[in-house]
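These notes concern the structure reproduced below.
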Amino acid sequence: MNRLDLTTLTELPTGPAVDPRGLTVGIVHLGIGAFHRAHQAVFTEQAARISGDTRWGITGVSQRSTTVRDQLAPQDGLYSVLTRGQGDPSIEVIGSVRDVLTVPEDPDAVVARIADPAVSVVTLTVTEKGYRASGDGLNLADPEIQADLAGRSPRTVVGQLAAGLARRAEHGEPLTILSCDNLVANGPFLRRLVQDYAEAADLKGLAEQLELATFPASMVDRIVPATTETDRAEAARLLGVRDEAVVVAEPFLQWVIEDEFAGPRPAWESAGAVLTRDVAPWEQAKLRMLNATHSMLAYLGALRGYETIAEAVRDEELSGLAQDLMRTDVIPTLTPPDGLDLPAYGASVLERFANPALKHRTAQVAMDGSVKLPVRLLGTVRDRLSAGAEPTVISLAVAAWMVYVAKSAEVDDPQATRLKSALEGVTTATATVDALLSVETIFTPDLRDNDVFRSLLVDHVTRLTS
Ligand code: CS2
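Residues 26 to 491 (my numbering) are what the sequence shown spells out, left to right.
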């Protein structure tokens with residue numbers, strides 16, 4: 026069977042929405058994993074089709090591995106999105122990714138591309154840990170940040186942005202840096218990190234370019250599990266050519282973007298994105314409802330031996346707990362965005378999780394808990410405690426993470442070593458809770474020292490381990 030590329034386009038049942046050969050690169054995307062290819066790249070392609078604007082091809086950047094480049098380069102950047110919902114799967118070929126750079130092989134090329142005057146938007150999906158933050162600021166003790174600051178070609182995301190911005194002083198065209206990660210106030214947060222870096226780096230021109238740049242906040246949503254061999258076989262069946270880079274996704278997709286651009290941008294609103302003054306209510310609702318219940322189902326589900334989120338949410342006790350979490354602990358902390366009915370949103374989230382065609386593994390959602398918990402769960406805990414409430418159900422989600430970490434032989438987490446060493450020699454529920462609460466990069470003193478929270482955690486951990 027032939028492979029998907031520009032020469033096999035004519036063999037496809039349907040090609041990309043725009044001719045990829047006619048696109049020039051106007052966007053650099055840092056972190057070209059499956060999520061970007063099933064989300065921003067799809068919006069970008071649709072916007073190009075509707076507007077006819079050919080300036081918005083994408084250069085994707087892989088921060089660590091060469092896998093995505095190795096899959097996409099032989100395919101001229103083409104790949105497909107396999108949508109799995111009710112009924113038969115559907116497939117579309119996307120042509121908006123024009124090339125892929127990898128940081129380990131050529132960090133300078135990444136900086137040069139960010140500095141290209143034809144590029145006016147840098148988007149990011151580098152996951153929570155990719156920001157190398159500590160609290161609200163940049164973790165200046167991070168060895169990779171230190172190595173970038175010492176002057177090597179930058180290999181951290183923040184280092185790349187800073188160096189790219191500084192080099193833009195040569196032409197002075199302003200840049201928009203658009204974080205698409207699941208973080209609270211992701212745009213302002215990233216601005217702060219780049220500012221921290223700038224203060225430590227002394228890069229000529231950076232301060233001025235940073236003044237000109239904008240960092241809009243955004244909320245992104247689409248469930249995109251890791252691609253499996255079954256997905257690749259399905260893609261080949263539907264396309265008639267092989268696609269090594271296929272990504273799989275649910276039908277739903279949503280993007281809410283703060284309308285704060287420093288220069289030109291794709292007409293993403295024509296493709297269904299919402300551009301608004303205030304993203305915060307959308308982002309809070311999504312992180313605290315969808316991502317929080319996702320994490321809770323991942324930990325409780327994994328502890329019950331479920332492989333996938335869909336299996337976990339079909340367990341009535343677990344879906345009942347997810348509903349309780351949203352109703353009793355989360356919704357009281359939220360100001361709904363205009364037009365969003367929070368209980369209905371909560372129900373739709375659980376319906377999406379139940380999609381049996383998506384094999385989203387509990388282990389995938391469970392990873393990186395140390396950086397996900399503060400964003401998804403701990404803000405709710407804090408708000409409930411300040412309101413004088415007992416955050417019973419949200420504490421269960423935190424406790425489930427604790428037990429999951431304690432029980433797993435290996436934890437997939439940037440702080441795995443730290444977590445495991447905190448738990449060394451620990452045998453009781455109380456000691457487990459205290460050991461993990463003492464990890465100050467996760468739990469701030471107000472939470473660590475709160476007796477209500479601590480005793481809820483001890484109760485839950487006791488029950489989950491008995
Ligand atoms: C998930 C998210 O892996 C995870 O932690 O909760 O990736 C989730 O699928 C997306 O945020 C949905 O938009």
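Think of the CB as a built atom: it goes at the ideal place given N, C-alpha and C, for glycine as much as any other residue.
For this session: Name the two residues that bound the continuous alpha helix (DSSP H) containing residue 471.
Result: 470-473
Problem set entry | Nearest neighbour of residue 264, chosen from 427, 449 and 116 [CA to CA] | 116
For this session: Please find out if some non-hydrogen atom of ligand 1 comes closer than 7 Å to the beta-carbon of residue 319.
Result: yes
Problem set entry | Euclidean distance between Cα positions of residue 29 and residue 286 | 35 Å
For this session: Enumerate in chain order the residues of its own chain whose CB-to-CB distance from residue 377 is below 7 Å, with the five nearest sequence positions on each side excluded.
Result: 248, 275 and 277
For this session: Flag this pair as touching only if the region 422-432 and the region 324-331 have three or more C-beta atom pairs under 8 Å; answer yes or no.
Result: yes
Exercise. Any heavy atom of ligand 2 closer than 7 Å to the Cβ of residue 256?
Worked result: Of the ligands one can find in the structure shown, namely ligand 1, none is ligand 2.
Exercise. If you pair each beta-carbon of the region 78-90 with each one of the region 107-114, do three or more pairs fall below 8 Å?
Worked result: no
Problem set entry | Nearest-angstrom Cα separation, counted from residue 432 out to residue 483 | 16 Å
For this session: For residue 172, name the three-state secondary structure that DSSP assigns.
Result: helix
For this session: Kindly indicate the opening and closing residues of the beta strand (DSSP E) around residue 83.
Result: 82-87
For this session: State the beta-bridge partners of residue 292 as determined by DSSP.
Result: According to DSSP, residue 292 bridges with nothing at all.
Exercise. Between residue 424 and residue 486, is the Cβ-Cβ spacing less than 8 Å?
Worked result: yes
Exercise. If we cut at 8 Å on Cβ distances, does residue 422 have a partner in chain C?
Worked result: In summary, chain C is missing from the structure at hand, where a single protein chain is found.
Problem set entry | residue 89 burial status per 10 Å Cβ neighbour count (16 or more: buried) | exposed
For this session: Identify the continuous beta strand (DSSP E) that holds residue 256 and give its terminal residues.
Result: Segment 254-264 is the alpha helix (DSSP H) holding residue 256; no beta strand (DSSP E) there.
Exercise. CA-CA distance, residue 333 and residue 418?
Worked result: 22 Å
Exercise. Expressed to the nearest angstrom, what Euclidean distance is found between the alpha-carbon atoms of residue 464 and residue 444?
Worked result: 8 Å
For this session: Check whether the Cβ of residue 467 sits closer than 7 Å to any heavy atom of ligand 1, and report yes or no.
Result: no
Exercise. Leaving out the 5 sequence neighbours to the left and right, which residues in its chain are closer than 7 Å to residue 447 when beta-carbon positions are compared?
Worked result: 460, 461, 463 and 464
Exercise. Who does residue 495 pair with in a DSSP beta bridge?
Worked result: With the chain represented from 26 up to 491, any question about residue 495 goes unanswered, as that position is not in the structure.
For this session: Hey, could you find the ends of the beta strand (DSSP E) residue 300 is sitting in?
Result: 299-301
Exercise. Taking the continuous alpha helix (DSSP H) assigned at residue 222, which residues delimit it?
Worked result: 211-226
Problem set entry | Short Cβ contact (8 Å threshold) for residue 296 with residue 75 | yes
Problem set entry | Any non-hydrogen atom of ligand 1 closer than 7 Å to residue 106 Cβ | no
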